[in-house]
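Here the structure comes first, spelled out in structure tokens, and everything after it is commentary.
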Amino acid sequence: MSVAADTPFGSSGGWRVTNVVRNPWGQVLHTGGGRYLSDAARAYMDRLLAQQRVPDTERRRHHYVPQAYLRQWSFDGRRVWTLDTVTGAVKPLGTRDVCVNEDFYRVIGPDGAPHNRVEKLFGVVDTELRRVQRLFVDLEDPETLEFDDLLSLGITVAVQRMRTLQQRRVQLQYNAWMAAQNPRYQSIADDEQNPHQSAGIHTELLFKAMWDAADVLIKRQIEVWHDPKARFMTCDAPVMVPFVRNERPGTMDAPYVIWPVSPQRVVALSRNDVGEKAVIREATGELVGTVREAVEQGRERMIFASEAQRDRLPARKLFRRRTQVRLRCSDRGPHGEYVAPPGCVVKMSEAFADKPDVALCDQGLHSPAPAMLNFV
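Take the working numbering: the last position of the sequence shown gets the number 962, and nothing is skipped along the way.
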């Protein structure tokens with residue numbers, strides 16, 4: 587249901603209904619940040635929590651994009667065609683060797699010792715991600731989807747978007763700016779005393795925020811874009827919110843949140859609610875172009891394509907820009923309240939740029955933050 591104000595904000599007028607759309611799920615699309623879960627979602631949480639008690643693992647190479655996800659683009663089940671946008675090299679790489687960092691999820695435990703159990707949690711996440719991916723790769727009848735599938739899609743998209751190398755880098759940029767404004771503000775960058783600090787804070791914030799993020803996503807209309815020509819690509823930040831005039835809107839405002847699930851299919855979470863569980867659309871050239879641009883702009887470094895599309899990887903394109911922090915001053919607070927000079931509110935978003943996009947007021951309220959450039 588959509589509503590609009592009859593009268594200006596703050597007056598004594600009420601609201602009027604402008605549009606009514608049926609809820610095809612038959613349930614309230616809200617988990618209260620994970621407090622109100624279905625049986626299947628609760629079982630998923632129990633599986634996550636159980637991993638906190640398992641023995642540590644010696645494995646140190648951690649994938650921030652699951653191998654099983656990338657195999658959907660593989661030509662032999664082990665390798666995928668890859669464009670390195672830094673070097674311009676196009677070659678097949680093993681899924682074991684892409685989107686992986688040493689100790690990426692290694693954190694310090696309550697006893698002060700480092701451990702790899704967070705990777706065990708992501709094993710649960712990856713198993714569910716693969717199930718949801720296959721569900722939408724094979725989906726023919728949207729009415730077969732159940733409410734638990736919607737919840738799983740929301741949590742899968744939310745976690746995959748937040749867990750990447752790109753999001754950690756953006757967090758480090760923003761944290762460097764905050765630390766420059768207040769020396770007592772905690773830096774999350776690794777140092778000699780805590781070489782796993784950024785991993786610990788990144789993963790803690792991720793698991794705290796995942797259900798709130800999912801609550802935003804499950805209110806969107808599911809669209810499945812189907813391309814019989816199998817022209818869809820993906821990248822090392824595979825859940826994409828496309829930039830609008832070089833600024834990335836928030837997930838509440840973006841026209842689409844895009845998740846390629848195969849060369850033939852993309853799951854697009856749309857603001858255009860039509861009251862259906864899912865809408866399967868044959869992908870026009872325009873939609874294929876929308877996904878391609880989102881992949882090229884949204885990637886961190888790597889772009890992946892199927893065997894049939896490897897010659898269409900943009901190997902000759904210069905990739906000088908990628909996701910960076912954008913900071914602007916405003917005279918409005920988070921809820922629209924006016925902030926009189928000399929005060930101001932710094933708003934953070936993400937920009938498509940070659941370095942952090944910082945343009946703040948000259949009232950002497952903000953300190954330079956050159957450390958942001960360490961995470962370009």
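Every residue, glycine too, gets a C-beta built ideally from N, C-alpha and C.
Please read these numbers as outputs of a predicted model, since none were measured by experiment.
How would you label R885, buried or exposed, when you count the other beta carbons within 10 angstroms and need 16 or more for buried? buried
Run the CB neighbour count on R936, radius 10 Å, all protein chains shown included, and call it buried at 16 or more, exposed below. Strictly speaking, residue 936 in this sequence is Glu, with Arg absent from that position. By the neighbour-count rule (16 or more Cβ atoms within 10 Å), E936 is buried.
For the alpha helix (DSSP H) that D670 lies in, which residues bound it at each end? Not the alpha helix (DSSP H): D670 falls in the beta strand (DSSP E), residues R665 to D670.
Please go through the same chain and pick out, in chain order, the residues whose beta-carbon is closer than 8 Å to the beta-carbon of Q637, but skip the five residues on each side of it. R703, K706, L707, G709 and V710
Can you find the residues in the same chain that come closer than 8 Å, C-beta to C-beta, to G674, ignoring five residues on each side of it along the sequence? A901 and R902
For E936, three-class secondary structure by DSSP: strand
Looking only at its chain, what residues have a beta carbon closer than 7 Å to the beta carbon of R857, apart from the 5 residues adjacent to it on each side? R806 and P841
When you compare only the Cα positions, how much space is there between L792 and A823? 15 Å
The beta strand (DSSP E) spanning N1018 covers which residue range? Residue 1018 lies beyond the stretch modelled for the chain, which goes from 587 to 962, so this question has no answer here.
When the Cα of P849 is compared with those of V723, G618, V718 and R692, which residue comes out closest? V723
Have a look at the DSSP bridge pairing and note the partners of R657. According to DSSP, R657 bridges with nothing at all.
Can you list, in chain order, the residues of its chain whose CB lies under 7 Å from that of G861, leaving out five sequence neighbours each side? V607, R608 and P610
Secondary structure of G922, DSSP reduced to three states: coil
Separation of V853 from I844, as counted between CA atoms: 6 Å
According to DSSP, residues forming a beta bridge with V693: H701
Hey, is the segment 757-769 in contact with the segment 811-827, meaning 3+ C-beta pairs nearer than 8 Å? no
Buried versus exposed, by CB contacts within 10 Å (16 or more), M838: exposed
Just curious, the alpha helix (DSSP H) that M631 is in, first and last residue? D625 to A636
DSSP beta-bridge partners of V931: S916
Can you name the start and end residues of the beta strand (DSSP E) that F890 belongs to? M888 to A891
Chain-order list of residues whose beta-carbon lies under 6 Å from that of C685 (same chain, five-residue window excluded): H649, Y650, V651 and D822
What does DSSP give as the partner residue(s) for D943 in the beta ladder? R912
Spatial neighbours of S598 within its chain, please: C-beta separation below 8 Å, excluding the five flanking residues on both sides. Residue placement at S598 is flagged as unreliable, the pLDDT there being 45, under the threshold of 50; a coordinate-derived value is accordingly withheld.
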